[in-house]
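Accompanying notes for the structure given below.
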Amino acid sequence: MKKLTALFFVMCIFYTAFADTFIVTSNADSGPGTLREAITLANANGTSVTDDIRFNIPSATYNLRIIRLVTELPSLSSNITIDGTTQPGLAYGTTDAKICLLKNDYAPSFSMIKVENASKVKIFGLHLYYGYWQGLFGMPYRSSQLYGINIINSTNIEIGAPSKGNVITGVLHGIYSNSEKCSDILIKSNYIGLGKFYDNGQDDIDPVVIGSECCITLANVKNITIGGSTAAEGNILGTSSRAINIDSKYAEGNGFLLIQFNLFGCFYDKTTLYQNIGDFWDCYINIGRSRNNPVNWSLEHFIDYKIDLLDNNIRAHAVFKYVSGMITVLRNSFAKDYRTSNLPIKLGFYKCSGKAIVGNENEADANYFLTKNLNTNNNSLSIYDCGPITIGKNVFECNSSLGSTTVVGNMYNKIPSVQISNTTDHSVSGTAAPDTKIDLYYDDECTACEGKKYLGTAHADASGNWTYEGPVTATVVAIATSSEGYSGEFSRPTCDVSKAIQVYPTCGKNNGSVTNLTAEGADAYFWLNMETGDTVSRSLNLVNASVGKYVLYGVHGGTCINYFYYADLEDHTPKIYSSPEYANQPSCGLSNGSIIGCINLFYSLNSDYKWINSKGETIGTQWDIERLGEGTYRFVAVDITPGGGCSDTATFVLKNLSGPTLHTANIKITSSTCNNNNGSISGITVTNATGLPFVQWLDSLNHPAGNGFDLENVLPGKYRLQFKDETGCDTIITPYYVVAGKGNILIDTSNKLVTASKCSGVSGSIQQVAVNGGEAFQWINMQNHSIAGSSLNVFNLSPGNYQLKVSNSLGCNNESPVIAVPQAVFDEIGVTDFTAKNAVCGEDNGSIKLNAFDKDAGLYTFHWADSASTQTIGTGTSVYNLKAGGYLLFAKDNNGCEKQIFSTHISGFPIPAFDYSAMVNEDDHCHLKEGSISGVKVNGLTGPSAFTWYDQYNNIAGNNPDLQNAGAGTYVLKVTDAGACPIQSHPFVITNTNYTLDAPSYQNLIIPRYADAAIAIQNGEPGNYHLWADATGAVTLQQNNNGNFIVPKIAADTSFYIQLMLGSCSAPVVKVNIQVVDKSYFAIPNAFTPNGDGINDRLSVKALGFIELDYFRIYNQWGELVYETHRLNDGWNGIYRGNLQNTGVFAWIAKGKDIMGKVITDKGSFVLIR
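Letter by letter, the sequence shown follows residues -19 to -1, 1 to 1151 of mature numbering (1 follows the signal peptide of the UniProt record, and there is no 0).
Right, dumping it as structure tokens:
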């Protein structure tokens, strides 16, 4: 057994790996004491404990400690720490690195350090440089697979620490990972990507030291820390392309990403900035989809990292793309401008579906966006199509030149807008999306709209209105945030240009304009001429503008300026470009010429254009024109722009190319007079005719009218000439020529106005007969053929028929049809509503009032007549002071025609009178107002009546015919009926009678000492109950109307006095005794003598205090029940079953409840003595 135990112990020693420390003493690539040997030995030493690789190369000079690698070093296994800071001597510049690994020749793929399938690896104090810079300029070109530290399927990897940072440069990727299962990578205190430290290459590790393309490139890594919670843990990341590029092909389970206290875009001194930072595709910090990350960027995918970007100095730009996890951005500084046209932001969010905050409610957590370079109008913060991103209290200063420096877009329209409408020295107000939080900031001093200093917060109501009240000393801008956490852009002036009207200048004048713009949030405007730089207007609309390029800006508060509109106002003066040589000439004397495709008119929309012949007549309004004969034609374009009016003209001369030509330039047309056939057309000639020509004139109905070149003796009308000679040309047909009718008289009665003759006299008229060509007028009365008037409009006509006769100086005459003037009749009107009041109170006080008619009553006059006498008694639509009788209304219209239109009857009523025969008078009792007066009647009332009772003080006591609930006093009744006849009764007297009330009943009480006494009435009656301390009633303790009283905390036996009062009546005073007890118990004697002497003959059942007895029982010595009672103060007389019991001892038991309901039981014995 001992041997087996020893063997097991030896085996345990053999198979257990011991932690070891390996010292590198040689800077050779391989061999004893080299780093390659140390890694090989550490890997072979097992992975259960940590092995340290330290350095002690015998050289104090840094450049003599360079390890020049020929091939890649072995991959590091788990639990290995490489610490270059253990090397004695100088470090690389001001860094912590003391050991340099250098590879300066071409390699198709190379990792300066590789960690593979390992965990708990730490790399400190190394300087990793891939120095094959010649491949930048010639073959073989540098590989794209060059890595400083390449991590493969490994976890818990620490790269650098405070005072132990690494330097990585020259590679494509400083720290790189692209595998399936990497997690928990910590990168702290390193200098990555920076290139040379010394200006003189001879002092550095190589004459040429180049930087890296990307400092950190990680794919599919879970839980990443870059920097840490202290400034000493931050990295210096300097490269001209990309600092951090992180993505994952996994949508979930990516853990956290912390980027804190790092310096971006700086050199080793942490102050000097990299120049010309920028990558065509990615931002300096790129989290999410990227063309430069190993994850396939072309496939849309999201990553759920919980991201914290904290306390960094970012001298470039950062963007988050397709992130679904929470993003927190606090206390970062974006103080340099490396924005470009393809990366025009400092901080961006693109299609991030999760939530994010940029700053918060604590101003100490503000991010700083600071730039003084305003050469381009780039944004500082851009958010596109993301989930709720809340913009907190940050500082924005001079990042942009126009508009909001923040740009927020969302395809679901969830971004709230805000606008400032009014600013005073004590308030700011405006509009926003309803129910949003409004954060207000003072604007910076530059021209864009950027919140530099937080001012305060307001809240928009359900209508979108908001107001902030407090001191205001500068221009204010605002950001709105919805309840879901969506923040919008900074408020800025905006302009609706969708309905803008742009008018181009013409004719060399300043008549161009841009109008119909609508703006919000601006208190000033200015238009700039982009070619001269001059401000040409300070109004919203641009008017009186010349040719030029103009830009409109809106201004809020002097420092918040936004671009509104660009207008290129070109010269739109109409200009004709013509080609007369391409016109089609007429032939055979016909109108078969045309001008087609010979006109090109620039800016025709601003022009009116037409064709004009040699007579100045307009013959066309299109660019092309046909059916032209020989002659001169002009195309004229006139500018119609307001303030313009100039024109351009193109002239075309057409010639007849063959056959005869008719000449009509000297045509003479003589008008016909009085519609006679004395008109003529002459002056037409012909040239180049062949043979005997055919000549014929036709009228408008194509009837022949003449056969010579001159047409004579024709009526007014239209005529045209047909001509044909013996050539092969077609017949020439002229246009129509019009022979006017001179002196013709035309009479039109279609719109005549005839007024009937009124009933009040001769007043008929005829007007609005239209006459053309007449000079003298006569109206003839057709009944007696007398002249009724000599003007076109005739008045004062009696009823009858009339005819108008017209003549002129040319001897022409005409007459109208007969026109009838009628006799006027009454214009019927009716009463539709009236009010009649009868005569009452025996007086003449009736009335009639007409309230409505079926026509306008203002066109009539009225008078009233008594139907009995027919005498007029009044005028107008109302009549008053009428007695009983019938009445008639007559109406007269504007024509003086009169007619009775209404009648009605008024009744009369006498004065009412009182009837007291059934009157009953009831007196009051106890002054309780139980008196009444009833049965009083009034005869002769008219309509609804009012009854009012008054007491002796003239106070109203009732409003009904009977008086109820009246107290003692004197009363009168006043009555007014619908006829308004007031009458008053004689006085009535009501007296009062008092009586004694029944006394209330109470029981005396037994209560525990210091308990409340509840005094309850036994026979309650209505009234007022008084509880007194004594019988005199001098001190009233309580008072109520139910007779129940509770007196608190009774300490000793006492008495109270109660009296019932009702009005002036009262009941006798009742006394109630209160007895207090400390303890309740049975008090049973211990002996009694039932001998019939009248002394102590009964054993009494007594109790001290209060006991409600349940039972009292007596037993003899054999246990028989000889007596039982359920009432106190009962007693046993010593008899059982009819026999007086012998002397002896008896037992008793009792049970009951005390005043508090507590059960009391007791027992004892007594002696019966005979």
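Don't be surprised by glycine CBs; every beta carbon is placed ideally from N, CA and C.
Limits of the unbroken beta strand (DSSP E) element including residue i
| i | result |
| --- | --- |
| R701 | G698 to K705 |
| R1094 | E1089 to Y1096 |
| N403 | V399 to T404 |
| V617 | G612 to D620 |
| V775 | V775 to L778 |
| M93 | F91 to E97 |
| H440 | G432 to H440 |
| H1107 | Here H1107 belongs to no beta strand (DSSP E), and DSSP marks it neither H nor E. |
| E139 | T136 to I140 |
| R608 | I606 to L609 |
| D1143 | V1140 to L1149 |
| S410 | S408 to A413 |
| S363 | L362 to Y365 |
| W447 | N446 to E450 |
| F242 | Element bounds for F242: n/a, residue is neither H nor E. |
| W1099 | Neither: W1099 is in no beta strand (DSSP E) and is coded neither H nor E. |
| Y422 | K418 to D424 |
| residue 1152 | Look at the range of the chain in this structure, -19 to 1151, and you will see that residue 1152 is not part of it. |
Inter-residue CB distance, residue i and residue j (contact presumed, cutoff 8 Å)
| i | j | result |
| --- | --- | --- |
| P968 | V953 | 6 Å |
| F574 | I713 | Correcting the residue type first, residue 574 is Gly in the shown sequence and not Phe. That pair is no contact at about 13 Å. |
| G209 | K251 | The pair is not a contact, with the Cβ atoms about 16 Å apart (cut-off 8 Å). |
| F616 | S559 | 7 Å |
| I94 | I130 | 5 Å |
| Y546 | V478 | 5 Å |
| L107 | L82 | 6 Å |
| C333 | V304 | 4 Å |
Residue interval of the alpha helix (DSSP H) (run including residue i)
| i | result |
| --- | --- |
| I20 | L16 to A25 |
Cβ-Cβ distance between residue i and residue j below 9 Å
| i | j | result |
| --- | --- | --- |
| A150 | G176 | Strictly speaking, residue 150 in this sequence is Thr, with Ala absent from that position. Yes. |
| I1055 | I1136 | no |
| V1053 | I1031 | no |
| I606 | I577 | yes |
| A337 | T371 | yes |
| S585 | A564 | no |
| F36 | I80 | yes |
| R1079 | G1112 | yes |
| Y783 | V806 | no |
| F871 | I964 | no |
| E470 | V376 | no |
| G698 | V720 | yes |
| G141 | N216 | yes |
| F242 | A212 | yes |
| T858 | K830 | yes |
Cβ of residue i within 9 Å of any chain C Cβ
| i | result |
| --- | --- |
| L16 | Absent here is chain C; the protein component of the structure consists of one chain. |
Validate contact between the stretch 550 to 559 and the stretch 499 to 519 using beta carbons, cut 8 Å, 3 pairs: no
Any beta strand (DSSP E) of 3 or more consecutive residues that is wholly inside the stretch 491 to 575: 493 to 496, 499 to 501, 505 to 510, 516 to 518, 523 to 526, 529 to 537, 541 to 550 and 556 to 559
Whole runs of the beta strand (DSSP E) within the stretch 37 to 64, excluding any shorter than 3 residues: 47 to 49 and 61 to 64
Given 8 Å, three or more beta-carbon pairs between the stretch 896 to 908 and the stretch 916 to 923: yes
Secondary structure, beta strand (DSSP E): runs of 3+ residues fully inside the stretch 796 to 862: 800 to 802, 812 to 818, 827 to 834, 842 to 847 and 853 to 856
Whole alpha helix (DSSP H) elements within the stretch 251 to 298, 4-residue minimum: none
Given 8 Å, three or more beta-carbon pairs between the stretch 111 to 119 and the stretch 67 to 77: no
Ranges of the beta strand (DSSP E) found wholly within the stretch 990 to 1042, counting only runs of at least 3: 992 to 996, 1005 to 1009, 1017 to 1021 and 1026 to 1031
Length-filtered (3 minimum) beta strand (DSSP E) runs lying within the stretch 937 to 976: 937 to 939, 944 to 947, 950 to 957, 963 to 965 and 969 to 971
Any 3 or more C-beta pairs closer than 8 Å across the stretch 440 to 460 and the stretch 403 to 423: yes
Any beta strand (DSSP E) of 3 or more consecutive residues that is wholly inside the stretch 708 to 766: 718 to 720, 727 to 729, 734 to 736, 745 to 748, 751 to 753 and 757 to 762
contact_flag[the stretch 980 to 996, the stretch 1019 to 1037] where n(CB pairs < 8 Å) is 3 or more: yes
The stretch 627 to 641 in contact with the stretch 599 to 613 per 3-pair CB rule at 8 Å: yes
Length at least 3, wholly inside the stretch 187 to 247: the beta strand (DSSP E) runs in chain order: 195 to 208, 223 to 228 and 237 to 241
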